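Structure record follows, encoded as structure tokens.
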């Protein structure tokens, strides 16, 4: 966060002496914070005296990355501002590099707040991306009040309060909770016989237009102007949607086509929590999200490792809709993370384990956690939900046995060059190891789409490297169907409006009409979207030269001008965010005929989505094939996207990933005009 350096009225040393000599009126340790736009800064202590207000700050961020505190920082209460007067342990407006631990502490001194102040805000200048912490309590509160503005019928809904499942009434296998589909032929139980409230609702295999209305409780415009909805889908992976927040009503609305069951995460402030909801196709759901979760997360992070469970759970989400019992039950539940395997911690399993030892380890963890779920105090439906999520995780653990042990090797040796490979001497998983999961539960049960790790489960059972139908003796049902549409690449084809008549004939022969309807609808929507932008979406022809001359050929027509080349893709959220911030500047600070904006994507950007996006991005657009993209990536040593190459008026160019700091991009380009 770059700002013009200003002289600070009181030096750090003077401020420290003044604060220490002054009579301390009040000290508040770890005050409750209402909302925040980041979890990077927390307040460990507030010292209030007649001459100063001192904030003891704990910072948590990526090791060896920098943060910055503006000299324009101030405290605010009752419409008045109290300016920064000094600091200790950090120099305002300078880069502060985080240590290897990722944790640091420093103090900020401000003008004194009035003696009877009950709460205040910390504003690290008024820039959009600066740190902001609101409602810092000075009264000693330890819990958040009951949220206001939520309809009573939704506010009081958690999960169904119902009789215990048959497991708790004596079913011999406590790990086979409520999978009634296990006893149906081929596991083909697509109907929602569980919708009577005794069980998790069954997956809805239909196509429909879904509406989600987000209502933001304790919303402040400074926390964000948009809501992003990340929808985990049955057929298309994760899809993202974005909607503006009406500042008057603190609401945002989404409408999108849905194919089968889905769960979604709604995010206002990236990295500070979000609202998780389960959605049925054609559903109309009202979702109320209490943004004080952003403050509660700071409270949770204050706990030492292993003590997180001591923090009182915070219910952030209240919802209506067909699957609201899952959404509300999950939101109101206690710490469900203790029933997870935590696969991606790097510590789930040791790289020294043989494949057989790893298999036994996963079985033991599943058994232990399933028994814990059976004995927990959740109601029956939430027990089943937790077990479903555990089953999804268990299938994933088997499918990724080689990766998870290699991940442990990388963590232990601090060597991440093996990403995508296997560690030396690893005893690779074999068919018999994979097959062991099939003895624990029915991996073909459609209800395994209703847990929290649906996407991981789908990725696992559609893996081309594992013959799940052969290992589990599955001839039909969910897994064979998903593998067929995945193996034909139908989701990508539909995203490019390229599903063929041969593909449709294959779908007609599957027996389950859902898939045929889904892909016919996707194809029709894609064709309509392409037609709508046919005259607007201009993709420049890639120069017909060798890869070694490609970049020079792209920039050659613009010699004598400043060229910013932006490497991006439609699926890259930081790329889209940066582009969105640049667009208005093309009419203001960066308005110049001397700047040429060139955007380079590749074929991983679905054609339809790409063509519907680029009319809103002013510049020249190129869509490269995989070989061309790889060559330029190697040429410039691109480590990820967005990445930027700056070309000066003489045609000299260099990689400028310091432009990921948007203020740096603006400063450099405006200085070159």
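In the numbering used here, the protein residues as written are 136 to 808.
The beta-carbon is built from N, C-alpha and C at its ideal position, and this holds for glycine as well.
If you're wondering where the values come from, they're calculated on a predicted model, not measured in any experiment.
Taking the beta strand (DSSP E) that residue 453 falls in, what are its first and last residues?
452-454
Identified DSSP bridge partners for residue 623:
Answer by DSSP bridge pairing: none, since residue 623 is not bridged.
Reduced DSSP secondary structure (H/G/I, E/B, other) of residue 783:
coil
Tell me the DSSP secondary structure of residue 687 in three-state form.
helix
If contact is defined by three or more beta carbon pairs under 8 Å, each pair taking one atom from either stretch, is the stretch 474-487 in contact with the stretch 541-561?
yes
Assign residue 322 to one of two classes, buried (16 or more other C-beta atoms within 10 Å of its C-beta) or exposed (fewer than that).
With a pLDDT of only 31 at residue 322, under 50, the local geometry of the prediction cannot be trusted, and no value is derived from it.
Please return the same chain residues whose Cβ sits closer than 6 Å to the Cβ of residue 730, not counting the five positions on each side in sequence.
697
Compute the distance between the beta-carbons of residue 169 and residue 427, then report whether it is under 8 Å.
yes
Take every Cβ of the stretch 568-576, pair it with every Cβ of the stretch 451-466, and state whether three or more of those distances are shorter than 8 Å.
no
Three-way DSSP call (helix, strand, coil) for residue 644 in this model:
coil
Minimum length 4: unbroken alpha helix (DSSP H) runs contained in the stretch 725-793:
742-748, 761-771
Just how far apart, CA to CA, sit residue 452 and residue 590?
22 Å
Continuous beta strand (DSSP E) stretch holding residue 257: start and end
254-258
Measuring straight from C-alpha to C-alpha, what distance separates residue 513 and residue 247?
48 Å
contact_flag[the stretch 384-402, the stretch 354-365] where n(CB pairs < 8 Å) is 3 or more
yes
So residue 798 is in the alpha helix (DSSP H); what residue range does that whole segment cover?
797-807
Which residue wins for smallest C-alpha separation from residue 647, given the options 660, 620, 337, 631?
620
Are the CB atoms of residue 867 and residue 704 nearer to each other than 8 Å?
What is shown of the chain runs 136 to 808, which leaves residue 867 out entirely.
Report yes if the C-beta distance between residue 235 and residue 194 is below 8 Å; otherwise report no.
no
Which same chain residues end up closer than 8 Å to residue 623 when comparing Cβ atoms and leaving out the 5 residues on each side of it in sequence?
638, 641
Supposed contact pair residue 254 and residue 268 - C-beta distance, whole angstroms, cut 8 Å
Residue 268 to residue 254, Cβ: 11 Å. No contact.
What residue does the beta strand (DSSP E) around residue 242 start on, and which one ends it?
238-245
Mind checking who residue 393 pairs with in its DSSP beta bridge?
343
Buried or exposed: residue 758, going by 16 or more other Cβ atoms within 10 Å of its Cβ?
buried
Three-state secondary structure (DSSP) of residue 594:
helix
May I ask which residues mark the beginning and end of the alpha helix (DSSP H) holding residue 711?
708-717
Simplified DSSP assignment, three categories, for residue 273:
coil
Residue 670, DSSP secondary structure in three states:
coil
Which residue marks the beginning of the alpha helix (DSSP H) containing residue 536, and which one marks its end?
536-548
What does the Cβ neighbour count give for residue 724, buried or exposed, with the cut at 16 atoms within 10 Å?
exposed
Between residue 418 and residue 368, is the Cβ-Cβ spacing less than 8 Å?
no
Over the uninterrupted beta strand (DSSP E) stretch that includes residue 215, give me the two end residues.
215-223
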